[in-house]
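Student:
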Amino acid sequence: MKTVFSPRHAGHAGQTELVGGAIVPGFENPMRARHIRERIEAVALGPVLEPVAHDIATAKRVHDADYIDFLPRAWPMWRDAGHETPAMPFVWPVRGLRADVPPKTVEALLGYYSFDGGATFVEGSWEAIKSSFDTALTAAGLVEAGERAAFALCRPPGHHAGTATMGGYCYINNAAVAAQWFRDRGAGRVTILDIDYHHGNGTQEIFYVRADVQMVNLHGDPLTEYPHFLGHRDERGAGPGEGFNLNYPLPAGTGWEGWSAALDDALVQVAAYAPDILVVSLGVDTFENDPISAFRLTSGDYPQIGARIAGLGLPTLFVMEGGYAVAEIGVNAVGVLTGFEGA
Ligand code: OKP
Ligand code: ZN
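Each residue of the sequence shown is one higher than the last, beginning at 948 in the numbering used here.
1) If you follow the alpha helix (DSSP H) that S1207 is part of, which residue opens it and which one closes it?
2) For the alpha helix (DSSP H) that I1252 lies in, which residues bound it at each end?
3) Any heavy atom of ligand 2 within a distance shorter than 6 angstroms of the CB on Y1144?
4) Could you give the C-beta distance for H956 and A989, rounded to a whole number, given that I count them as a contact under 8 angstroms?
5) Under 7 angstroms between the Cβ atoms of N1194 and N1164?
6) Exposed or buried, what is K1051 when buried is set at 16 or more other beta-carbons lying within 10 Å of its beta-carbon?
7) Ligand 1 and Y1116: does the residue's C-beta get closer than 6 angstroms to at least one heavy atom of that ligand?
8) Please report how far the alpha carbon of P998 lies from the alpha carbon of I1276, in whole angstroms.
9) Does any residue of chain B bring its CB to less than 7 angstroms from the CB of N1194?
10) Where are the beta strand (DSSP E) runs, 3 residues long or more, that stay fully inside the region 969-1048, in chain order?
11) Which full runs of the beta strand (DSSP E) of 3+ residues lie inside the region 1050-1105, going along the chain?
12) If we ignore side chains and look at the alpha-carbon of each, how far apart do M1267 and R1020 end up?
13) Between R1157 and the rest of its own chain, which residues show a CB-CB distance below 6 angstroms, the 5 nearest in sequence each way excluded?
14) If we call anything under 7 angstroms between Cβ atoms a contact, is Y1220 one with T1138?
15) Of the choices R1008, H1179, P1196 and F1265, whose alpha-carbon is the least far from that of F952?
16) DSSP state of V1266, grouped into three classes?
17) Apply the 10 Å Cβ neighbour rule to H921 and answer buried if 16 or more other Cβ atoms are within range, or exposed otherwise.
18) Could you name the residues of the same chain whose beta carbon sits closer than 7 angstroms to that of L1018, not counting the 5 residues immediately before and after it, in chain order?
19) Does the structure place the region 1169-1179 close enough to the region 1209-1227 that three or more beta carbon pairs sit under 8 angstroms?
20) Below 8 angstroms on the Cβ atoms is my contact criterion, and I expect Q962 with V1069 to pass it. Report the Cβ-Cβ distance as a whole number of Å.
21) Have a look at P954, V971 and R1045 and flag the residue whose alpha-carbon is nearest the alpha-carbon of G1071.
22) Which complete alpha helix (DSSP H) runs does the region 1101-1179 hold, if anything under 4 residues is left out?
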């Protein structure tokens, strides 16, 4: 399997985040991509290609234009406002406040365009965000050109990014951009299967009223797990999209037995939808030792996930999302890919 990977992810570094009231080093760090890349070479998964630059207008097919236009401006505005620390929002237009009047200062705009404080900016962030978008589209191009599958080693991840909001380490929704790109290139139906530990709230929001993109999500129950405010079982799509959004919230502590049973049910639903293309939002924070998650999958489980997905027999684009057990992230993510290839 070919991988697309950009060294430009590495400028998105030195992030901090608030955990329990304390500022700590960000879990979403450059070592993640480095370990995955090294594992690809160690197992000789296949060639690693650099992405081709794509027009950012393609991101505006699934995100609001003003939101996308803000992303490259966030760090320069923050710096010009006199800050030196990572740019982080701290006020949001939630219930009872107005979200229909765009504010003018960078501090306010960061809140206007986010749903939490988890998507921060440093100087190299935009270049990394753009490279992640380019990586997804370049890998999508490989599948479009006839590859059975391709791996977009995206960093930063994307599945929490909605129509006009960043959050949870995500800025541009790479999987959603790729799915829309396949549609625009003539695919009739696309399925996004999101197996990251966290619910792909951004992807769900983007496609919620659409029947042409099926969204299937396996994740920690939002009653206790991030992002908390979306991802319940009763969210099944709306209007023409009714029935095309499927959520499998699972309790903290879920291991292979419970998780794989949900996957098998999900795969039956995907097969029934009969998409032309499958996009997998690949997170491996379902791993038993993940520092911010609570499922109990083991490294030996990941190749089986890949094999079961391969059983669909669909052209498949894997898009990297989360996974924070840095030492094992390569073994686990690449395990899914080798399992897919071996099936
Ligand atoms: C991004 B992805 C829990 C804090 C959660 C944000 C997690 C974002 C995960 N103590 N912080 O879906 O892997
Ligand atoms: Zn996650």
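Backbone N, C-alpha and C define an ideal beta-carbon position, used for all residues, glycine too.
Tutor: Put simply:
1) Here the alpha helix (DSSP H) through S1207 covers W1203 to Y1220.
2) Residues D1248 to A1257.
3) The nearest non-hydrogen atom of ligand 2 is less than 6 angstroms from the C-beta of Y1144.
4) The pair is not a contact, with the Cβ atoms about 19 angstroms apart (cut-off 8 angstroms).
5) For the 7 angstroms CB-CB criterion, N1194 and N1164 form a contact.
6) It counts as exposed.
7) It does: the Cβ of Y1116 is within 6 angstroms (strictly closer) of some heavy atom of ligand 1.
8) Taking the straight line joining both Cα atoms gives about 22 angstroms.
9) No chain B appears in the structure shown, which is made up of a single protein chain.
10) With a minimum length of 3 residues, the continuous beta strand (DSSP E) runs that stay inside the region 969-1048 are 969-972.
11) Qualifying beta strand (DSSP E) stretches, in chain order: 1096-1099.
12) Straight-line Cα distance between these residues: approximately 25 angstroms.
13) Closer than 6 angstroms at Cβ, skipping near neighbours: G1188.
14) Yes; because the gap between Cβ atoms is below 7 angstroms, this pair is in contact.
15) Among R1008, H1179, P1196 and F1265, the Cα nearest to that of F952 belongs to F1265.
16) Note: V1266 maps to strand in three-state DSSP.
17) Absent from the structure is residue 921, since the part of the chain shown begins at 948 and ends at 1290.
18) Closer than 7 angstroms at Cβ, skipping near neighbours: W1073, I1076 and Y1118.
19) The region 1209-1227 vs the region 1169-1179: no contact.
20) Confirmed, Cβ separation roughly 7 angstroms.
21) Of P954, V971 and R1045, the residue nearest in Cα terms is P954.
22) The qualifying runs are 1121-1131 and 1148-1154.
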